[in-house]
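S.K.: Structure incoming, see below.
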Amino acid sequence: MALRSIRTEGDPDLLKKSRPVEKFDRRLQMLIEDMFDTMYDAEGCGLAAVQVGVLRRLVVIDTGEEGERLVLINPEIIETQGEVREAEGCLSIPGKRGVVCRPGKVTVKALDENGKEFIRTGTGLLARAMCHEIDHLDGILYSSKVERWLAPGEGE
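If you want it as structure tokens, here you go:
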């Protein structure tokens, strides 16, 4: 597939709320594959469509764990549990990392690439990635939630 350019901090689209996905067609399938390719090329574990300039409620995630390559379309967080403060980064804010408080366990309701509804619960990195990427869909960058910025190399 194709690599897409990742929008970076300062791009006004990153602060806009994304619209729901309504058409499940070949074009959507191509966007999903392009997003995975772009995310892998940038060595990330999550990417929201808005980060590649598409203001639709679509997220791809791959934490590297078995069965955790996810496509979340029109995702909605339906339950959270606990709090975890950990280092976090973002492909749209390269070279920076900061400590962010996120839920330790997250349950999301979403549609898959075929429009079928499913519910997925994640913990650890998966929970963090789901929250981070869904924030992107609402125009929220993790930098607005950072409690403490980390020095280069710290917290990796």
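Using our numbering, you'd call the opening residue of the sequence shown number 906 and step up by one each time. Beta carbons: idealized from backbone N, C-alpha and C, even for Gly.
Counting only the same chain and skipping the five closest in sequence on each side, list residues whose C-beta sits under 7 Å from that of ARG1002.
M.R.: Cβ within range, chain order: ALA992, GLU993, GLY994, LEU1055 and GLY1060.
S.K.: For PRO980, does the three-state DSSP call read helix, strand or coil?
M.R.: Three-state DSSP puts PRO980 in a strand.
S.K.: What runs of the alpha helix (DSSP H), each 4 residues or longer, lie entirely inside the stretch 925-999?
M.R.: For the stretch 925-999, whole alpha helix (DSSP H) runs of length 4 or above, ordered along the chain, are 931-946.
S.K.: In the DSSP output, which residue or residues are listed as bridge partners for ARG1053?
M.R.: Bridge partners of ARG1053: VAL1004.
S.K.: On the DSSP bridge list, what partners appear for ALA1015?
M.R.: For ALA1015, which the question treats as bridged, DSSP gives the partners PHE1023.
S.K.: Go to GLY1033, then tell me how far its alpha helix (DSSP H) extends in each direction, as first and last residue.
M.R.: Residue identity check: residue 1033 is Arg in the sequence provided, not Gly. It spans 1029-1042 - the alpha helix (DSSP H) in which ARG1033 sits, taken as one unbroken run.
S.K.: Applying the criterion that 16 or more other CB atoms from any shown protein chain within 10 Å of the CB defines a buried residue, is PRO980 buried or exposed?
M.R.: Buried, because 16 or more other Cβ atoms sit within 10 Å of the Cβ of PRO980.
S.K.: Mind the definition here: the stretch 999-1014 touches the stretch 1034-1046 only if three or more C-beta pairs lie below 8 Å; say whether that holds.
M.R.: Verdict: yes, contact present.
S.K.: In the DSSP output, what is LYS901 paired with across the bridge?
M.R.: Since the first residue of the chain shown is 906 and the last is 1061, residue 901 is not available in this structure.
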